[in-house]
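Undergrad: First residue of the sequence shown: 6, per my numbering; consecutive thereafter.
The beta-carbon is built from N, C-alpha and C at its ideal position, and this holds for glycine as well.
All values reported here derive from a predicted model rather than from experimental measurement.
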Amino acid sequence: MKGRERRSAVSDVETILSAFPRIYFACRPRQVTDPVDGRVLSFHQATILSHLDVVDPTMVGELANHLGVTASTMSLNLGRLEEAGYVTRQRDPEDRRVMNVCLTEAGERVRLAYSTLDPDRVGRMIDGLDPVRRRTALNGLTYLADAADGLVRRGQEHVSALTS
């Protein structure tokens with residue numbers, strides 16, 4: 006019986022691993038608009054902004070590694086974002102080889118306007134479902150989100166126990 010349960014669990018995992026990227030790709034925003042000046046940023050530029058903070062600087066090399074691009078590609082993108090007034094770059098005072106980047110107020114404004122999924126696309130996707138499938142899908146997604154919250158909580162409790 007345990008073997009069958011294990012196969013079922015793997016199948017469930019594979020289902021999520023297959024479904025999530027398809028939903029994400031279909032519903033991700035293609036661009037983000039600055040809510041104040043109307044400037045349009047690419048999805049990639051908005052993704053960069055979503056990984057930055059106004060106060061806590063991020064090292065350019067770490068940001069590039071995290072997003073899976075070369076440091077030169079990241080520098081090129083940050084240069085464009087800096088020209089547009091969304092980020093500032095400064096050398097690290099303790100290690101002049103390191104370049105740090107922070108959001109400006111304008112960058113923070115765009116970051117807050119950015120959403121991982123485009124609400125219009127999500128709406129069109131779920132509007133294509135009949136009422137029963139729609140309710141089933143939304144209930145299932147809510148259960149998965151609750152399970153994800155529990156996973157995060159357990160991880161935080163584990164870390165707290167280790168550091169107490």
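Buried or exposed for LEU51, going by 16 or more other Cβ atoms inside 10 Å?
TA: The residue given as residue 51 occupies position 46 in the sequence shown. This sequence places Ala at residue 51; Leu is not what is there. Classification of ALA51: buried, given that the 10 Å Cβ count is 16 or more.
Undergrad: Residues in its own chain within less than 6 Å of VAL127 by CB, not counting five upstream and five downstream?
TA: Within the sequence shown, the letter at position 122 stands for residue 127. Closer than 6 Å at Cβ, skipping near neighbours: CYS32.
Undergrad: Would you say ARG96 and VAL106 are within 8 Å of each other, going by their C-beta atoms?
TA: For this step, residue 96 is matched to residue 91 along the sequence shown. For this step, residue 106 is matched to residue 101 along the sequence shown. Not closer than 8 Å, so no.
Undergrad: For VAL103, which residues in the same chain have their Cβ closer than 6 Å to its Cβ, ignoring the five residues on either side in sequence?
TA: The residue given as residue 103 occupies position 98 in the sequence shown. Once the five neighbours on either side are set aside, the close Cβ partners of VAL103 are MET64, ASP97.
Undergrad: For ILE21, which residues in the same chain have their Cβ closer than 8 Å to its Cβ, ignoring the five residues on either side in sequence?
TA: Residue 21 sits at position 16 when you count from the first residue of the sequence shown. For ILE21, where only same-chain residues beyond five positions count, the Cβ hits under 8 Å are LEU149.
Undergrad: Which residues in the same chain have their Cβ closer than 7 Å to the Cβ of ASP58, if we skip the five residues on either side of it in sequence?
TA: Taking the sequence shown and counting its residues from 1, the one referred to as residue 58 is at position 53. Closer than 7 Å at the Cβ level, and outside the excluded window around ASP58, lie CYS107, LEU108.
Undergrad: Exposed or buried, which one is PRO34 when buried takes at least 16 other CB atoms within 10 Å?
TA: Translated into positions along the sequence shown, residue 34 becomes position 29. Per the 10 Å Cβ criterion, buried.
Undergrad: Apart from the five residues just before and just after PRO62, which ones in its own chain have a Cβ nearer than 6 Å to its Cβ?
TA: Looking up residue 62 in the sequence shown gives position 57. For PRO62, same chain residues with a beta-carbon under 6 Å away, outside a window of 5 residues either side, are ASN105, CYS107 in chain order.
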